[in-house]
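Trainee:
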Amino acid sequence: MALPLIALLATLTLLAHLLYKHILQPLFLSPLSSIPPVHWSAPLSSLWILHHRYSQSDTFAIHAAHTRLGPIIRLAPNELSLNSVNGGIRTIYAGGFEKGEWYSEGFANFGVPPMFGMHGAREHGRRKRMVSHVYAKSTLQGSGALSGITKVLVRRLRERLDEAARKGEQVEMYELFAAAMMDFVTGYVFGLRQGTDFLREEARARECLKGFKERQRFTFWAQECAKLMRWVGWMGLRTWFVPKWVDESNADSEKWVLEMCDRAEEVVQRQEAGVEKTELEDTPTVYAQLREGFLKECRKDAKDNLSTASILQSSRLDLASELLDHVLAGFDTSSITLTYLAWQLSRPSNLHWQSRLRTEIATLNTSLDAKLIDNLPVLHAVLMETLRLHTAIHGIQPRVTPTGLTTLGDPESGLVVHNIPGGVRVQSQAYSLHRNPEVFPDPEEWRPERWLPASSSFEVTVEDEARLREQLRWFWAFSSGGRMCVGSHLAMLDMKATIVGVWGRFETEIGDEEGMREVNGGYMAEPLGVVDGEDGKRKRFLRLRLRKL
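In terms of our numbering, the sequence shown has 329 at position 329, counting the first letter as 1, and numbering is strictly consecutive.
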């Protein structure tokens, strides 16, 4: 009799523990229990949000929940989303809330996390100090290398568009912008000669974009199910979740960036030896800066004098991982933004903005000077409004609450949550921040005038300053805080130069916009396109007709 009774008591104790831990505590006793759940199951399970993330609809689902429930919502038992500046992004992204394995697992190259994927602020800070100078706005505007790259690539861009206009062909703008942005980014990172030449290698550029976008969706497993993936990897079952071709394609990208690193290293060594004078546009600006940073860091930490060759060999994959991240992030986000900008400018209802933009560009008198381009108000407004409405990374930017107790929530909204423990996943998303109707009236409308003074003379009033200041508080296309996008200034300058390159010489109108109708609702916001042709190997996104001015 004693043994069955003991077994019964043990079973009841276990059931009581499970009932408390997985039902009573998350539903009623957790500090998060006062936060509105997005779904009845959210306090008990992550299945609702995981379903949306797997299907790449989470950005839209989270935004709908914020619209319905307010600025702080519960996505899962241990996960929150916030849609506010005060008590939201100002608290989470100012420092102290570290990145978790969502980044280190999802963005690692060669098995090594780049700066973007590093957990701690300290290691991130060390890496950022190595490259921040070459991405500073003042450095970029005064860079002879970037100036030379811009002139060459704008010329190549116009040559390609000239040919299409002469033949009366429509241009697939997403593919064109992806090629141009890849050439810009690799040109600045590795030097123009050592980087890509996708504007003149159309088929290769198209294949690169296609492969990159097709394998992006499989990062879900590494980011959201890291423990599961480690287990299935150990069991030899990884291909049940991630097809073999994805890993092979990633390996090809890693090999590709190593080859560019090797070409850049040859240039640096020849420069140091005084063997060869390098054209400014062929200078591997970012590579050389990061290389120097690794050399200084390793020599500072080393007890013995290390040779340059030994340091570079031991740091080769770290350096390559970092630069591959810069290249992929830089070309992807900027090409998405430019595609939406071209779509908006070419719509019949917005042709007056295209006309205003061309008139403004004409004042440059063919100059491609970075400072002059950056000071064009209509160009800036058109780009800022596109970044607001069609943010390339419109999805979540997760962080983890620090050890101790945290307070989150906007006092103005009436919901502030105290005593949030450490280890809770919290995040905001640009898609929702950019659709606050109190800051951006008619938020679903593309209205560049939001970013301009009300006066046609561009004289800024006190009211204009207050409005623009509030809009910038909520503008989050590049995130915020110490871990915001390190390449934001390069992206803005590259995109502006490309816009000048196109609309400084051509009028555009829509030929085929069917591929713009559906948008990725996950982390990225690229248009999904429609299959073109019976073989299904190519998609249509946005095709424009051009008329040369």
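For each residue, glycine too, the CB sits at the ideal point set by N, CA and C.
(1) Under 8 Å by Cβ, that's how I've got A205 and A179 pegged, so tell me the actual separation to the nearest angstrom.
(2) Quick one: Cα of E224 to Cα of W102, how far?
(3) Can you list, in chain order, the stretches of the alpha helix (DSSP H) that have 4 or more residues and sit fully within the region 319–368?
(4) Entirely within the region 23–58 and at least 4 residues each: give me those alpha helix (DSSP H) ranges in chain order.
(5) Alpha helix (DSSP H) containing K539: first to last residue?
(6) Determine the contact status of L433 and N109, defining contact as a CB-CB distance below 8 Å.
(7) Taking the alpha-carbon positions, what's the V424 to G100 distance?
(8) Under the three-state reduction of DSSP, which class applies to K548: helix, strand or coil?
(9) Please state if the CB of L341 and the CB of V382 are separated by a distance shorter than 8 Å.
(10) Fully enclosed by the region 153–204, which alpha helix (DSSP H) runs are 4 residues long or longer?
(11) L12 to S428, Cα distance in whole Å?
(12) Could you spell out where the alpha helix (DSSP H) holding T386 opens and where it closes?
(13) Decide if N375 is buried, meaning its Cβ has at least 16 other Cβ atoms within 10 Å, or exposed.
(14) Compare the Cα-Cα distances from V400 to each of T339, G106, E79 and S355 and report the closest residue.
(15) Looking at R483: is its Cβ nearer than 8 Å to the Cβ of H66?
(16) Specify, as a first and last residue, the run of the beta strand (DSSP E) that V426 falls within.
(17) Are V286 and V131 touching if we call contact CB-CB under 8 Å?
(18) Report yes or no: do the region 505–515 and the region 44–52 share at least 3 C-beta pairs separated by less than 8 Å?
(19) Assign G395 to buried or exposed, taking buried as 16 or more other Cβ atoms, counted over all protein chains shown, within 10 Å of its Cβ.
(20) For L389, which residues of its own chain have a beta-carbon under 6 Å away from its beta-carbon, when the five flanking residues on both sides are left out?
(21) On the three-state DSSP scale, how would you describe F506?
(22) Residues in its own chain within less than 7 Å of P36 by CB, not counting five upstream and five downstream?
(23) Kindly confirm or deny that the region 314–333 and the region 244–257 touch, where touching means at least three C-beta pairs closer than 8 Å.
(24) What does the Cβ neighbour count give for I373, buried or exposed, with the cut at 16 atoms within 10 Å?
(25) Put T13 into one of helix, strand or coil per three-state DSSP.
Mentor: Taking the geometry as given:
(1) The residue given as residue 205 occupies position 205 in the sequence shown. The residue given as residue 179 occupies position 179 in the sequence shown. Sure, about 4 Å apart at Cβ, within 8 Å.
(2) Your numbering for residue 224 matches position 224 in the sequence shown. Your numbering for residue 102 matches position 102 in the sequence shown. For E224 and W102, the distance between alpha carbons rounds to 7 Å.
(3) 351–362
(4) 47–54
(5) Your numbering for residue 539 matches position 539 in the sequence shown. Where K539 is concerned, there is no enclosing alpha helix (DSSP H), although the beta strand (DSSP E) around it starts and stops at R538 to R540.
(6) Mapped onto the sequence shown, residue 433 falls at position 433. Mapped onto the sequence shown, residue 109 falls at position 109. No, the Cβ-Cβ distance between L433 and N109 is not below 8 Å.
(7) In the sequence shown, the residue the question calls residue 424 occupies position 424. In the sequence shown, the residue the question calls residue 100 occupies position 100. Looking at the two C-alpha atoms, the distance is approximately 10 Å.
(8) If you number the sequence shown from 1, residue 548 lands on position 548. If DSSP states are grouped into helix, strand and coil, K548 belongs with the strands.
(9) As a first step, residue 382 must be located in the sequence shown, where it is residue number 382. As a first step, residue 341 must be located in the sequence shown, where it is residue number 341. Yes, Cβ-Cβ distance for V382 and L341 is below 8 Å.
(10) 173–190
(11) As a working mapping, residue 12 is identified with position 12 in the sequence shown. As a working mapping, residue 428 is identified with position 428 in the sequence shown. One C-alpha to the other measures close to 41 Å.
(12) Residue 386 sits at position 386 when you count from the first residue of the sequence shown. First-last of the alpha helix (DSSP H) with T386: P377 to L389.
(13) By one-based count along the sequence shown, residue 375 stands at place 375. When all chains shown are included, N375 counts as exposed.
(14) For the purposes of this step, residue 400 is identified with residue 400 of the sequence shown, where counting begins at 1. It is E79 whose Cα lies nearest to the Cα of V400.
(15) On the sequence shown, residue 483 is found 483 positions in, with the first residue counted as 1. On the sequence shown, residue 66 is found 66 positions in, with the first residue counted as 1. No, they are not a contact pair.
(16) Indexing the sequence shown from 1 puts residue 426 at position 426. Going by DSSP, V426 is part of the beta strand (DSSP E) stretching over R425 to Q427.
(17) Taking the first residue of the sequence shown as 1, we reach residue 286 at position 286. Taking the first residue of the sequence shown as 1, we reach residue 131 at position 131. Their beta carbons are under 8 Å apart, which means V286 touches V131 by this criterion.
(18) no
(19) Along the sequence shown, one-based indexing puts residue 395 at 395. It counts as buried.
(20) Taking the first residue of the sequence shown as position 1, residue 389 is located at position 389. Once the five neighbours on either side are set aside, the close Cβ partners of L389 are W446.
(21) In the sequence shown, counting from the first residue as 1, residue 506 sits at position 506. If DSSP states are grouped into helix, strand and coil, F506 belongs with the strands.
(22) To locate residue 36, count along the sequence shown from 1; it is residue 36. The answer, listed in chain order, is L69, G70, I73 and R74.
(23) yes
(24) Within the sequence shown, the letter at position 373 stands for residue 373. Buried, by the Cβ-count rule.
(25) Indexing the sequence shown from 1 puts residue 13 at position 13. It is helical.
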